[in-house]
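Peer 1:
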Amino acid sequence: LGSLGAPAPAPATPPDQARLMAALPGRLRPTPYGECYVLEDAVALETRHGDCALDAALRVDPSLAAVLTKSNQFEHFDVRTALFFDLETTGLATTMGTLPFLIGAAHVHHDQLILEQWHVKSKWSLASKGEGIIFSHRE
Numbered sequence: 075l076g077s078l079g080a081p082a083p084a085p086a087t088p089p090d091q092a093r094l095m096a097a098l099p100g101r102l103r104p105t106p107y108g109e110c111y112v113l114e115d116a117v118a119l120e121t122r123h124g125d126c127a128l129d130a131a132l133r134v135d136p137s138l139a140a141v142l143t144k145s146n147q148f149e150h151f152d153v154r155t156a157l158f159f160d161l162e163t164t165g166l167a168t169t170m171g172t173l174p175f176l177i178g179a180a181h182v183h184h185d186q187l188i189l190e191q192w193h194v195k196s197k198w199s200l201a202s203k204g205e206g207i208i209f210s211h212r213e
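According to this note's numbering, the stretch in the sequence shown is residues 75 to 213, in order.
This is the structure in structure tokens:
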């Protein structure tokens with residue numbers, strides 16, 4: 075059909091991806107390397123997890139970061155300007171390498187913790203994750 079000028083049919087959504095999309099509201103985000111499924115959430119900083127509220131991190135002495143990292147570059151660390159990452163990987167370290175399948179990012183915006191989860195659909199879409207996350211947090 076493509077040679078006749080007709081658009082190629084859209085590929086069918088794999089069953090696992092369809093279940094993910096039905097269970098967790100998010101959006102497909104196009105990238106130069108393929109689509110990613112992105113979940114976004116905002117959590118109030120006064121939300122408690124266990125014995126602590128998230129906003130307790132805002133009251134920690136910033137010089138503690140310099141002690142923990144053994145670097146004076148973090149002496150004036152401000153959690154409000156940080157971008158936190160969490161990578162979930164296959165962890166198998168085979169000849170194909172260790173591949174992330176979920177990338178999480180979080181940052182403080184006003185009185186909320188903004189969370190993003192990027193679900194990797196293929197190893198080729200991985201190349202765009204860092205670019206997309208950094209871009210979205212520059213805005």
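A virtual CB, placed ideally from N, CA and C, is assigned to each residue, including glycine.
Which class does leucine 98 belong to by DSSP, given the choice of helix, strand or coil?
Peer 2: As a working note, residue 98 is residue 24 in the sequence shown. In this structure, leucine 98 counts as coil in the three-state DSSP scheme.
Peer 1: Taking alanine 180 as part of the beta strand (DSSP E), name the residues at either end of that continuous run.
Peer 2: Residue mapping note: residue 180 aligns to position 106 of the sequence shown, counting from 1. Start and end: 174 to 183.
Peer 1: Give a yes or no on contact between the stretch 89 to 104 and the stretch 170 to 190, applying the rule of three or more CB pairs nearer than 8 Å.
Peer 2: These segments do not touch.
Peer 1: So what's phenylalanine 148 in DSSP terms, helix, strand or just coil?
Peer 2: Start at 1 with the first residue of the sequence shown, and residue 148 comes out as number 74. Phenylalanine 148 falls in the helix class under three-state DSSP.
Peer 1: Alpha carbon to alpha carbon, what distance is there between arginine 93 and phenylalanine 148?
Peer 2: As a working mapping, residue 148 is identified with position 74 in the sequence shown. As a working mapping, residue 93 is identified with position 19 in the sequence shown. One C-alpha to the other measures close to 42 Å.
Peer 1: Compare the Cα-Cα distances from alanine 118 to each of Leu157, His193, Thr143, Leu187 and report the closest residue.
Peer 2: Mapped onto the sequence shown, residue 118 falls at position 44. Ranking Leu157, His193, Thr143, Leu187 by Cα distance to alanine 118 puts Leu187 first.
Peer 1: At the level of alpha carbons, what is the spacing between alanine 130 and histidine 181?
Peer 2: Taking the first residue of the sequence shown as 1, we reach residue 130 at position 56. Taking the first residue of the sequence shown as 1, we reach residue 181 at position 107. Going from the Cα of alanine 130 to the Cα of histidine 181 covers about 15 Å.
Peer 1: Can you list, in chain order, the residues of its chain with a C-beta nearer than 8 Å to that of tyrosine 111? Leave out the 5 residues immediately preceding and following it.
Peer 2: As a first step, residue 111 is located in the sequence shown; it is residue number 37 there, counting from the start. Once the five neighbours on either side are set aside, the close Cβ partners of tyrosine 111 are Gln91, Leu94, Met95, Gly100, Arg101, Leu102, Arg103, Trp192, His193, Lys195.
Peer 1: Can you tell me whether DSSP reads valine 112 as helix, strand or coil?
Peer 2: One-based indexing of the sequence shown puts residue 112 at position 38. Residue state, collapsed to three classes: strand.
Peer 1: Can you say whether glutamate 190 is buried or exposed, counting buried as having 16 or more other CB atoms within 10 angstroms of its CB?
Peer 2: By 1-based counting over the sequence shown, the position of residue 190 is 116. That one is buried.
Peer 1: Since threonine 143 is in the alpha helix (DSSP H), which residue starts that stretch and which ends it?
Peer 2: On the sequence shown, residue 143 is found 69 positions in, with the first residue counted as 1. 137 to 143 is the span of the alpha helix (DSSP H), which, as asked, contains threonine 143.
Peer 1: So the candidates are His183, Asn146, Thr164, Asp135; which of them puts its Cα closest to the Cα of phenylalanine 158?
Peer 2: Within the sequence shown, numbered from 1, the residue matching residue 158 stands at position 84. If we check each option's Cα against that of phenylalanine 158, His183 comes out closest.
Peer 1: Near alanine 140, which residues of its chain fall below 6 Å by C-beta distance, leaving aside the five closest residues on each side in sequence?
Peer 2: Looking up residue 140 in the sequence shown gives position 66. Hits under 6 Å: Asn146, Phe148, Glu149.
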